[in-house]
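Peer 1: Residue numbers 4 to 112, in our numbering, belong to the letters of the sequence shown in order.
I have a structure here, written as structure tokens, and I will follow up with some questions on it.
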Amino acid sequence: MPINYYIILSITLFCIGIVGVLTRRNAIIVFMCIELMLNAVNLLMVAFSKMHHLKNAAINASAGSEGQLFVFFIMVVAAAEVSVGLAIIVMLYRNTHSVDINFLNRLKH
């Protein structure tokens, strides 16, 4: 499959994530959109890694695995980020009974 398809899919997913982060006020949906943007970048990393090492595939069977390893570490860090973020959202909901992001501005005073 040509790399252009992966690039178009990744750009589409990333743009959907940006629109979701900028327009939505629900904290859970914002976190889901951030994860969507991270997955779009991960898709591009794996695709470019495979494209870059495609010429070495006959010599080395594990060509292109560096990008997949890097994506694995990004997913581990993203899972830790989501667990901390969801814990913050749960504490916010317990205190305010809302997950609206705009309500965080009221907590300053």
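By construction, the Cβ of each residue, glycine as well, lies at the ideal position given by its N, Cα and C atoms.
Here the structure is a predicted model, which is why all the values come from computation and not from measurement.
(1) Closest by CA to residue 77, which one among 8, 47, 16, 98?
(2) Looking at the strands, I want to know which residues DSSP matches up with residue 29.
(3) CB-CB under 8 Å to residue 92, same chain, minus the five flanking residues each way: which ones, in chain order?
(4) What does a CB cutoff of less than 6 Å around residue 17 pick up in its chain, not counting 5 residues either side in sequence?
(5) For residue 28, which residues of its own chain have a beta-carbon under 8 Å away from its beta-carbon, when the five flanking residues on both sides are left out?
(6) What whole-angstrom Cβ distance do residue 24 and residue 14 have, given they're in contact under 8 Å?
(7) Buried or exposed: where does residue 52 fall if 16 or more other Cβ atoms within 10 Å of its Cβ makes it buried?
(8) Where does residue 55 sit, in a helix, a strand or coil, going by DSSP?
Peer 2: Taking the geometry as given:
(1) Comparing Cα positions, the closest option is 47.
(2) Paired residue(s): 103.
(3) Around residue 92, the same chain offers 30, 31, 34, 102 as residues with beta carbons nearer than 8 Å, after the five sequence neighbours per side are excluded.
(4) Excluding positions up to five away in sequence, the list reads 40, 43.
(5) So the list reads 103, 104, 105, once near-sequence residues are dropped.
(6) Contact flag wrong, Cβ pair sits at about 16 Å.
(7) Burial state of residue 52 is buried, judged by a 10 Å Cβ sphere holding 16 or more other Cβ atoms.
(8) Residue 55: helix per DSSP, three-state reduction.
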